[in-house]
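Input: a single structure, listed below in structure tokens.
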Amino acid sequence: MSRKLRPAHFLLLLPLLFSLVALIVDPRPLQQLRLHVFDQYQRWQPRDYEAVPVRIVDIDDASLARLGQWPWPRTRLAELVARLDAAGVAAIAFDTLFAEPDRTSPASAARNWPLAPALRQAVQALPEHDQVFANQLAQANVTLGFVLENDKFGGAGNSTSPAQPLPQPARFIQLGPSATGQLRQFSR
301 MSRKLRPAHF LLLLPLLFSL VALIVDPRPL QQLRLHVFDQ YQRWQPRDYE AVPVRIVDID
361 DASLARLGQW PWPRTRLAEL VARLDAAGVA AIAFDTLFAE PDRTSPASAA RNWPLAPALR
421 QAVQALPEHD QVFANQLAQA NVTLGFVLEN DKFGGAGNST SPAQPLPQPA RFIQLGPSAT
481 GQLRQFSR
């Protein structure tokens, strides 16, 4: 027997080589196939349901139909936080940015209304919606969404300076191996 590689041997190695390249490159069609196979396995033999202590309060079409268009006044969100806190939830998280002042606050709305001076003064004396919301957030265990900017302190649109540390640094909890090497770095 001769130990020479023949073309027939290359044909036998070709599927192995193709599989190895597909495994390394991991093209989108292969990813989709893998996900569809996993989904099918879940349909054939789903996991047993386990009750978990996490609940999501979603702003869906039904709540919009009942409570009105988004964004809701911050007083309504303050009521939601108060009700959740009274129900004994461990934590509340908003995945919404509250970047601008509430435009439904009395002082903001009064600027756009033609009011008599006495009425304007009475409206402006009402509590600001943002302050009501902030007071309620301070009483509960709440986490808010935030945006990181990748510019130097004191840059355009950034009022924080190195001399003014942030009131409370963000905390992160991770399970499993650290992924911090893959995250972009920010000053704060």
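Quick note: the sequence shown uses the numbering used here, first residue 301, plus one each step. Note that the Cβ used here is the ideal one computed from N, Cα and C, for glycine as well. Keep in mind it's a predicted model, so treat the numbers as computed, not measured.
| Asked | Found |
| --- | --- |
| Does DSSP put phenylalanine 394 in a helix, in a strand, or in coil? | strand |
| Using three-state DSSP, classify serine 461 as helix, strand or coil. | With a pLDDT of 48 at serine 461, under the threshold of 50, the predicted position of this residue should be treated as unreliable, though the coordinate-derived value follows. Note: serine 461 maps to coil in three-state DSSP. |
| By the 10 Å Cβ neighbour count, where 16 or more other Cβ atoms means buried, how is serine 461 classified, buried or exposed? | Because the pLDDT of serine 461 is 48, which lies under 50, any placement of that residue in the model is unreliable, and the number read from its coordinates should be weighed accordingly. Its Cβ having fewer than 16 others within 10 Å, serine 461 is exposed. |
| Suppose you measure from the CA of alanine 322 to the CA of arginine 306; what does that come to, to the nearest Å? | 25 Å |
| Compare the C-beta of glutamine 345 against all C-beta atoms of chain C and say whether one is closer than 9 Å. | Absence of chain C from the displayed structure is noted, only one protein chain being present. |
| Within this structure, are the beta carbons of threonine 375 and histidine 429 separated by less than 9 Å? | yes |
| In this structure, what does DSSP give as the bridge partners for valine 442? | Ile392 |
| Alanine 393: which of Thr404, Ala386, Arg403, Val381 sits nearest, CA to CA? | Val381 |
| Work out the CA separation of alanine 308 and leucine 314 for me, nearest whole Å. | 10 Å |
| Classify tyrosine 341 as helix, strand or coil using the three-state DSSP reduction. | helix |
| Let me confirm a value: glutamine 474 is counted as buried when at least 16 other C-beta atoms fall within 10 Å, else exposed. Which label applies? | exposed |
| Relative to the C-alpha of valine 447, which candidate in Gly368, Val337, Asp360, Ala399 has its C-alpha closest? | Ala399 |
| To the nearest angstrom, how far is it from the Cα of proline 414 to the Cα of alanine 425? | 17 Å |
| Counting only runs that start and end within the stretch 366 to 433, where is the beta strand (DSSP E) found for 3 or more residues in a row? | 392 to 394 |
| Determine the extent of the alpha helix (DSSP H) in which proline 315 is found, giving its start and end residues. | 307 to 325 |
| Is it right to say phenylalanine 433 is buried, meaning 16 or more other beta carbons lie within 10 angstroms of its own, or is it exposed? | buried |
| What separation, rounded to the nearest whole angstrom, lies between the Cα atoms of leucine 419 and valine 442? | 36 Å |
| From Pro373, Gln332, Trp344, Ala422, pick the residue whose C-alpha is nearest to that of serine 405; which is it? | Pro373 |
| Do glutamine 436 and alanine 390 have their C-beta atoms within less than 9 Å of each other? | no |
| Would aspartate 402 be called buried (16 or more neighbouring beta carbons within 10 Å of its own) or exposed? | buried |
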